[in-house]
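Residue numbers (the UniProt record's numbering): 1 to 583.
Have a look at the structure below, then the notes.
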């Protein structure tokens, strides 16, 4: 062994390559950093043994060191390709199996060179030749060597192509980062091609020397310009087509990217150049104060009104830090919410109008029911006096009509009073109510009427269950549904009413089924729960029961639905809450 000055730059390249590999490996593999670390580590192994080859004049040692170079040399390019695919965001098809298959070729090349003495397929002969300064190794090339050359040339060209294409898709702010990577990879490839065609002087392998320049470029790229922090093509496409405005600023408040939707929202011409947040604030007054408010881990989310255009914007300002750079940048998200705000304003106005109308309607109902009740009482009293004073008058047909009209008026006023009381009681607290007991109590209340009407009432209540409601409302609801089923029974068949319930996670559904007259829902479903709507002739029909029941059910947070067919029967489904909050 002897000191060879030509080995010094190779050793420096090895040391720098290992430093770059360590730094890249520590960064993770988000943009292919660890693939590149493996490539640089393989290059360092290659360069180390080439430096030893240059430092000896012994032919046998030169051959040994040449073979040991293949512990790293065949693996430089496949890992460089993996890096290029990940760096350019084209690594989705790169499965573990495909990686192993690609690495099989360099493994076979390495084995072929290390066992060359058995078959001479890699190198056919070895000799030394003096180049005027020192002895260099000259070898005859075999098919394994040719395979290695073809493998390196093809894979390097592919890797270089993907990085080159990234230059046209990456945002201009990141162009020079990608260009630095492209330059470092391309220089080594060009030098390798020059070596293959014999244009490198002194019989040297110039590739390990070139690793020094590559290592310097990558070290500068890592330390100074964060070469792995780029927006890949796929991200850029999403950024460009996103249906909200995005503006990205660096740590010096320079605008580094703005997507087309932001340009449209803020009225920025495509050829306009906005350089910083101050320039953007001229397009959207008020944004500057919000921008300065966002700092550290604090983000800003607010709505901003732009008086000149009369538009509302939803603004979100997020602070971000690079994984490799502690200096913070900011992303502004802008969304036009004018239509939403206008709709909210219209809805609020409509709610206020509706509330005002409801208040006036309730006041009218209370006043009317109170005043009308007094007049009805007076009319009924007068009719009674007339009957007592003139029995002959009481027997006249017209007087009978008067008595009936007075009674109907009295009933209507009572119904109106019930509606007024219902709205007055809105919002009263719910309490746990035993449902089975409530249903059975309602059945007991109508059993005499059912027996008289020859209606059979059956129950299928598996056990006690508790619902949240208002006891008086529940009593009224089931009484109404049962009396309706009895009242509108069919005269053509034996009548029944069947009560059951089913449970779900949040509530209980009570089913009240009968085989009565039924209702034509195609014609009447929209009117079914309306006030004073009746669908069959019956002397006791008032059209108030279902209206009251629906209002009471909804006041307790429940729901009512119906299935019915004329001549078949009707089933009401009443859903009630198990919990006070409905969950």
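Heads up, the beta-carbon is just placed ideally off N, CA and C, and yes, glycines get one too.
Looking only at C-alpha atoms, which of the options sits nearest to residue i?
i	options	result
residue 489	204, 516 and 195	516
residue 6	61, 203, 197 and 351	203
residue 31	15, 85 and 22	85
residue 254	277, 243, 265 and 244	277
residue 552	493, 473, 482 and 505	473
residue 505	148, 579, 292 and 557	579
residue 514	508, 566 and 470	566
residue 587	312, 443 and 332	What the structure shows of the chain is the stretch from 1 to 583, and residue 587 is not part of that stretch, so it cannot be assessed.
residue 442	403, 429 and 484	484
residue 434	467, 245, 575 and 138	467
residue 409	50, 390 and 376	376
residue 284	298, 307 and 292	307
residue 447	431, 97 and 479	479
Per DSSP, what kind of secondary structure is residue i in: helix, strand or coil?
i	result
residue 447	helix
residue 336	strand
residue 584	No answer is possible for residue 584: the residues shown for the chain start at 1 and end at 583.
residue 276	strand
residue 145	helix
residue 588	Nothing can be reported for residue 588, as the shown portion of the chain is limited to 1 through 583.
residue 72	coil
residue 316	strand
residue 98	helix
residue 264	helix
residue 257	strand
residue 329	strand
residue 310	coil
residue 140	strand
What residue range is occupied by the uninterrupted alpha helix (DSSP H) comprising residue i?
i	result
residue 293	287-293
residue 8	7-26
residue 251	Neither: residue 251 is in no alpha helix (DSSP H) and is coded neither H nor E.
residue 127	Element bounds for residue 127: not the alpha helix (DSSP H) but the beta strand (DSSP E), 123-130.
residue 659	Any answer about residue 659 is impossible in this case: the structure gives the chain only from 1 up to 583.
residue 549	545-555
residue 69	59-69
residue 179	175-196
residue 204	No alpha helix (DSSP H) holds residue 204; DSSP gives it neither H nor E.
residue 47	33-54
residue 391	391-394
residue 490	Note, residue 490: premise wrong, no alpha helix (DSSP H); not H, not E.
residue 118	116-119
Beta-carbon within less than 7 Å of residue i's beta-carbon, same chain only, minus the 5 sequence neighbours each way: which residues are those?
i	result
residue 195	205, 206 and 207
residue 215	13, 16, 17 and 20
residue 454	495
residue 37	21, 24 and 25
residue 589	Since the displayed the chain opens at 1 and closes at 583, residue 589 lies outside it and no answer follows.
residue 493	515
Our contact map puts residue i next to residue j with C-beta atoms below 8 Å; I'd like the distance itself, whole angstroms only.
i	j	result
residue 457	residue 450	5 Å
residue 35	residue 69	Their Cβ separation, rounded to whole angstroms, is 21 Å, which puts residue 35 and residue 69 out of contact at 8 Å.
residue 280	residue 247	6 Å
residue 122	residue 107	That belief does not hold up - the Cβ atoms of residue 122 and residue 107 are roughly 14 Å apart, past 8 Å.
residue 158	residue 81	6 Å
residue 178	residue 166	5 Å
residue 113	residue 67	5 Å
residue 507	residue 576	6 Å
residue 586	residue 209	With the chain covering only 1 through 583, there is no way to say anything about residue 586.
residue 546	residue 501	20 Å between Cβ atoms; not a contact.
residue 62	residue 53	5 Å
residue 469	residue 430	6 Å
residue 312	residue 341	4 Å
Less than 8 Å between C-beta atoms, sequence neighbours within five positions excluded: which residues of the same chain meet that for residue i?
i	result
residue 294	300, 317, 318, 319 and 330
residue 538	Residue confidence is low: residue 538 scores 46 on pLDDT, short of 50, so the model does not pin down where it sits. Its coordinate-derived value is still stated next. Excluding residues within five positions, the ones whose Cβ falls inside 8 Å are 487 and 488.
residue 149	196
residue 476	548, 549 and 552
residue 200	191, 194 and 206
In the DSSP assignment, the beta strand (DSSP E) including residue i goes from what residue to what residue?
i	result
residue 305	300-306
residue 577	569-577
residue 434	431-434
residue 513	507-514
residue 467	466-469
By Cβ distance below 6 Å, which residues in the same chain neighbour residue i in space, the five residues on each side in sequence not counted?
i	result
residue 572	481, 512 and 562
residue 77	152, 155 and 156
residue 314	303, 335 and 337
residue 71	45
residue 42	72, 75 and 76
residue 536	Its pLDDT being 47, under 50, residue 536 is placed unreliably in this model, and the value from its coordinates should be taken loosely. Cβ neighbours of residue 536 beyond the five flanking positions: 488 and 517.
residue 125	140
residue 436	461 and 464
Closer than 8 Å to a non-hydrogen atom of the ligand COA - does that hold for the CB of residue i?
i	result
residue 430	The ligand content of the structure shown is nil, which means the ligand COA is not present either.
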